[in-house]
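In my numbering, the protein residues as written are 18 to 147. The beta carbon of each residue, even a glycine, is placed where N, CA and C say it ideally should be. Only a predicted model underlies this, so the values are computations on that prediction, with no experimental measurement involved.
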Amino acid sequence: MIRATGIRSGGRPAVFLLVVLPILWGGMLAAAVGLVALLARATDTTLATVPDGAAIVVACCGALLAVPVALMLSNLVLHALSPLRRIAGRDAARHRRPDFAASQRALLRLFLVLAAICAPIIAATFALAR
């Protein structure tokens with residue numbers, strides 16, 4: 018089995034990087050662009066003329082909120098495909114990492130904490146940008 022090596026990979030199988038990273042980066046990009054487009058619509062401007070500060074705040078909060086959601090989705094993909102589920106199960110057992118259900122619960126808790134922080138910031142930014 019090909020393993021990713023180095024400080025950042027943590028010795029995880031390379032298939033994790035092939036599944037997790039596209040979902041993670043795609044989700045972060047979609048959330049950031051989607052919220053900035055929503056801000057543009059709410060302020061009756063175009064994407065190019067949205068106030069820079071408001072766009073940065075909304076995009077950063079959206080990207081941050083997308084991380085646990087994208088990781089939950091990538092866990093679902095890893096769990097749904099049996100070859101990937103076996104690889105993930107072996108890796109979790111070998112390195113004493115949480116299983117699928119425990120990971121999903123932890124990511125859900127993280128999302129709720131981040132939502133409690135980011136949602137008021139996004140709402141205030143929308144209110145102030147008008």
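Specify, as a first and last residue, the run of the alpha helix (DSSP H) that residue i falls within.
i           : result
residue 68  : Unbroken run through residue 68: none, as it is neither H nor E.
residue 100 : 99-111
residue 126 : 117-146
Would residue i pass as a contact of residue j if the rule is Cβ separation under 8 Å?
i           : j           : result
residue 56  : residue 86  : no
residue 123 : residue 115 : yes
residue 131 : residue 82  : yes
residue 139 : residue 94  : no
residue 79  : residue 48  : yes
residue 64  : residue 54  : yes
residue 96  : residue 102 : yes
residue 91  : residue 32  : no
Of all Cβ atoms in chain B, is any one closer than 8 Å to the Cβ of residue i?
i          : result
residue 71 : Absent here is chain B; the protein component of the structure consists of one chain.
Should residue i be counted as a contact of the ligand MN given a C-beta to heavy atom distance under 7 Å?
i          : result
residue 36 : By its list of ligands, the structure shown contains no ligand whatsoever, and the ligand MN lies outside what it can speak to.
Review point. In chain order, which beta strand (DSSP E) runs of at least 3 residues are fully inside the segment 71-96?
Key: No beta strand (DSSP E) of 3 residues or more sits fully in the segment 71-96.
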